[in-house]
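Numbering of the sequence shown is given in our numbering, commencing with residue 1044 and proceeding in unit increments.
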Amino acid sequence: MRNRYIVSYDIADGKRWRRVYKKMRGFGDPIQYSVFLCDLLPTERIMMIEALTEIINHKEDRVLIVDVGPAKGTGEKRIKAIGKQLVDEEKIAIIV
């Protein structure tokens, strides 16, 4: 079962920041500057943590991973956006 995670990062070096950003695009969607929304299986979460661990400088950088619950169900209801809303990737196609 997929869980929804909010992943934020504070990276001291621009080159490392770009590497983290590019890596995170493979795991989720950017929702704010240095913040991603990720729906991950447990194995994908481990892969993401391992990938980020290899990129960051553990003395200068920080990555926070917040588990907000199941991707479908309560996880959707725990996030409240004020202003521009988060858009779910599922879109309805209308065939004319």
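By construction, the Cβ of each residue, glycine as well, lies at the ideal position given by its N, Cα and C atoms.
Express the C-alpha separation of residue j and residue i in angstroms, rounding to a whole number.
i, j, result
"Tyr1052", "Lys1120", "23 Å"
"Arg1047", "Ala1114", "5 Å"
"Tyr1064", "Val1109", "17 Å"
"Lys1102", "Leu1095", "14 Å"
"Glu1087", "Lys1066", "13 Å"
"Ala1124", "Pro1073", "14 Å"
"Gly1057", "Gly1116", "37 Å"
"Gln1128", "Ile1122", "10 Å"
Residue i and residue j look like a contact to me (Cβ under 8 Å); what is the Cβ gap, rounded to whole Å?
i, j, result
"Gly1071", "Phe1079", "4 Å"
"Arg1059", "Asn1100", "7 Å"
Using a threshold of 9 Å, state whether the C-beta atoms of residue i and residue j are closer than that.
i, j, result
"Val1106", "Ile1049", "no"
"Ser1077", "Ile1098", "no"
"Cys1081", "Met1090", "no"
Classify residue i as helix, strand or coil using the three-state DSSP reduction.
i, result
"Asp1064", "Correcting the residue type first, residue 1064 is Tyr in the shown sequence and not Asp. Correct three-state label for Tyr1064: helix."
"Arg1045", "coil"
"Glu1132", "With a pLDDT of 48 at Glu1132, under the threshold of 50, the predicted position of this residue should be treated as unreliable, though the coordinate-derived value follows. In this structure, Glu1132 counts as coil in the three-state DSSP scheme."
"Ala1071", "Rather than Ala, the amino acid found at residue 1071 in this sequence is Gly. The answer is coil: DSSP assigns Gly1071 none of H, G, I, E or B."
Within the region 1078 to 1105, ranges of the alpha helix (DSSP H) (whole runs, at least 4 residues): 1085 to 1098
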